[in-house]
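Trainee: What follows is a single structure, and I will ask about it in a moment.
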Amino acid sequence: MEKNKYKLIADYHTHTIYSRNGHGKGTIRENVEEAINKGLEEIYITDHGPGHIFFGLKRKKLPEIRRTIDTLNEEYSGKIKIFLGVEANVVDYNGKYDIEEEDLKYFDIVNLGYHSGVFLRNFKSIFIYHILNRLGRFSKKIESYCIEKNTDAIVKIIEENNINIITHPGDKVKVDIKRLAKVCKENNTLMEINNHHPHLSVDEIKEAMPSGVDFSLGSDAHRPEKVGLVDKAIKRVEESGLAITRIKNLREVK
Ligand SMILES: [Zn+2]
Ligand SMILES: [Zn+2]
0 MEKNKYKLIA DYHTHTIYSR NGHGKGTIRE NVEEAINKGL EEIYITDHGP
50 GHIFFGLKRK KLPEIRRTID TLNEEYSGKI KIFLGVEANV VDYNGKYDIE
100 EEDLKYFDIV NLGYHSGVFL RNFKSIFIYH ILNRLGRFSK KIESYCIEKN
150 TDAIVKIIEE NNINIITHPG DKVKVDIKRL AKVCKENNTL MEINNHHPHL
200 SVDEIKEAMP SGVDFSLGSD AHRPEKVGLV DKAIKRVEES GLAITRIKNL
250 REVK
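Structure (structure tokens):
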């Protein structure tokens with residue numbers, strides 16, 4: 000990658016200390032200051048949704064997080080725009096996520112991804128996620144059943160809610176990238192090329208491309224110094240041949 004060939008406008012995916020138990024290392028202010036240092040125009044604070052047993056944000060902290068971001072927006076006015084989002088979790092295979100209606104007023108965006116360590120709400124969901132997905136490595140038949148179910152759940156959440164970005168599609172469990180891309184396109188949802196995880200991979204980007212879906216890059220920073228870093232994601236973009244104009248937060252420097 001040539002230096003300064005691209006400019007990242009916004010980081011749509013960063014974690015802070017509100018991702019509990021030491022999962023996120025930096026404060027909101029530290030992430031924001033790093034984003035300014037890296038020349039970003041926007042930063043999104045997107046901690047893990049409350050359904051994550053170990054790392055999920057505490058619902059009762061939402062007013063405090065919102066106030067902090069509002070105050071920092073005043074302090075850094077003209078330098079950067081700060082948004083509050085969340086990285087919500089799939090919590091069952093009937094297509095439910097871990098965001099309640101009354102939480103939505105706090106968020107500027109809602110991202111969604113599969114994560115292990117989530118409190119799945121019924122036995123069937125626990126069985127498919129934790130048991131069948133593992134067995135799928137040994138049986139094509141089980142694998143394709145799992146891909147269908149993993150995709151069904153995420154598709155239903157996209158169709159019934161306002162989801163801005165699917166984070167690291169294909170990470171944790173396999174999904175039908177073609178079908179997901181089509182649904183994302185129809186619902187104006189971006190597919191993320193994640194810098195911290197290897198998904199979307201080059202092959203997955205190629206699979207998603209014909210649908211006409213748009214993409215985003217996310218650092219998925221869990222410590223401030225990683226905010227705005229998307230070098231590995233850009234490498235995958237270049238290898239896949241994806242047009243830069245289809246990535247919402249990246250510009251080509253002429
Ligand atoms: Zn994630
Ligand atoms: Zn994340």
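Using numbering that gives the first Met the number 0, the letters of the sequence shown correspond one by one to residues 0 to 253. Built from N, CA and C at the ideal position, the CB exists for glycine as well. These numbers were taken from a predicted model, which means no experiment stands behind them.
Among K253, R235, K225, S239, which one has its Cα closest to the Cα of Y11?
Mentor: Position 12 of the sequence shown holds residue 11. Comparing Cα-Cα distances from Y11 to each of K253, R235, K225, S239, the minimum goes to K225.
Trainee: Whole-angstrom Cβ separation of I35 and Y75, contact assumed at under 8 Å?
Mentor: Reading the sequence shown from its first residue, position 36 is the one you call residue 35. Reading the sequence shown from its first residue, position 76 is the one you call residue 75. The pair is a contact, with the Cβ atoms about 7 Å apart (cut-off 8 Å).
Trainee: Name the two residues that bound the continuous alpha helix (DSSP H) containing K140.
Mentor: Working through the sequence shown from its first residue, we reach residue 140 at position 141. Where K140 is concerned, the enclosing alpha helix (DSSP H) stretches over 139–159.
Trainee: Cβ of E158 within 8 Å of Cβ of N186?
Mentor: For this step, residue 158 is matched to residue 159 along the sequence shown. For this step, residue 186 is matched to residue 187 along the sequence shown. Contact flag set, yes.
Trainee: Roughly how many angstroms lie between the CA atoms of S115 and G55, to the nearest whole one?
Mentor: Working through the sequence shown from its first residue, we reach residue 115 at position 116. Working through the sequence shown from its first residue, we reach residue 55 at position 56. Spanning the two alpha carbons is a distance of roughly 12 Å.
Trainee: Quick check on L103: buried or exposed, where buried means 16 or more other Cβ atoms within 10 Å of its Cβ?
Mentor: The residue you call residue 103 lines up with position 104 of the sequence shown. Flag for L103 reads exposed.
Trainee: If contacts are defined as beta-carbon pairs under 8 Å, then I108 and N163 qualify, I think. What distance do you get, rounded to the angstrom?
Mentor: Along the sequence shown, read from residue 1 onward, the residue named residue 108 stands at position 109. Along the sequence shown, read from residue 1 onward, the residue named residue 163 stands at position 164. Going by Cβ atoms, the distance from I108 to N163 rounds to 4 Å, so yes, they are a contact pair.
Trainee: Going along the chain, which residues of its own chain have a beta-carbon closer than 6 Å to the beta-carbon of H22, five neighbours each way excluded?
Mentor: The residue given as residue 22 occupies position 23 in the sequence shown. These residues qualify, in order along the chain: F54.
Trainee: So N194 and D170 are supposed to be a Cβ contact under 8 Å. How far apart are they, rounded?
Mentor: Locating residue 194 in the sequence shown gives position 195, counting from the first residue. Locating residue 170 in the sequence shown gives position 171, counting from the first residue. Not confirmed; about 12 Å, so no contact.
Trainee: Mind checking whether the beta-carbon of D219 lies closer than 7 Å to any heavy atom of ligand 1?
Mentor: Reading the sequence shown from its first residue, position 220 is the one you call residue 219. Correct: D219 has its Cβ closer than 7 Å to ligand 1.
Trainee: According to the neighbour-count rule (16 or more other Cβ atoms, all chains shown, within 10 Å of its Cβ), is H47 buried or exposed?
Mentor: Residue 47 sits at position 48 when you count from the first residue of the sequence shown. By the 10 Å Cβ count, H47 comes out buried.
Trainee: Does DSSP classify K95 as helix, strand or coil?
Mentor: As a working mapping, residue 95 is identified with position 96 in the sequence shown. Of the three classes helix, strand and coil, the one that applies to K95 here is strand, per DSSP.
Trainee: Quick one, are the C-beta atoms of V117 and N88 less than 8 Å apart?
Mentor: Against the sequence shown, residue 117 aligns to sequence position 118. Against the sequence shown, residue 88 aligns to sequence position 89. Contact: yes.
Trainee: Would you mind reading off the limits of the alpha helix (DSSP H) that contains E63?
Mentor: For this step, residue 63 is matched to residue 64 along the sequence shown. Segment 61–74, the alpha helix (DSSP H) holding E63.
Trainee: From the DSSP secondary-structure annotation, give me the bridge partner or partners of D46.
Mentor: Counted from its first residue, the sequence shown places residue 46 at position 47. V85, per the DSSP bridge assignment.
Trainee: Just tell me which of T26, T13, H51 has its CA closest to the CA of Y43.
Mentor: Residue numbering aside, residue 43 sits at position 44 when the sequence shown is read from its first letter. The option with the nearest alpha carbon to Y43 is T13.
Trainee: Check whether the Cβ of E224 lies closer than 7 Å to any heavy atom of ligand 2, and answer yes or no.
Mentor: Position 225 of the sequence shown holds residue 224. Outside the cutoff, so no.
Trainee: Considering just the uninterrupted stretch of the alpha helix (DSSP H) at F254, what are its terminal residues?
Mentor: Since the first and last residues shown for the chain are 0 and 253, residue 254 lies out of range.
Trainee: One question on the structure: do E33 and G217 come within less than 8 Å of each other, judged by their Cβ atoms?
Mentor: Looking up residue 33 in the sequence shown gives position 34. Looking up residue 217 in the sequence shown gives position 218. No, they are not a contact pair.
Trainee: Give a yes or no on whether the C-beta atoms belonging to K37 and E251 are separated by under 8 Å.
Mentor: Numbered from its first residue, the sequence shown carries residue 37 at position 38. Numbered from its first residue, the sequence shown carries residue 251 at position 252. No, the Cβ-Cβ distance between K37 and E251 is not below 8 Å.
Trainee: Mapping the DSSP letters down to three states, classify T15 as helix, strand or coil.
Mentor: Taking the first residue of the sequence shown as 1, we reach residue 15 at position 16. In the structure shown, T15 sits in coil (DSSP, three-state: anything other than H, G, I, E or B).
Trainee: Within 10 angstroms of the Cβ of E191, are there 16 or more other Cβ atoms? Answer buried if so, exposed if not.
Mentor: Within the sequence shown, residue 191 is the residue found at index 192, counting from 1. Per the 10 Å Cβ criterion, buried.
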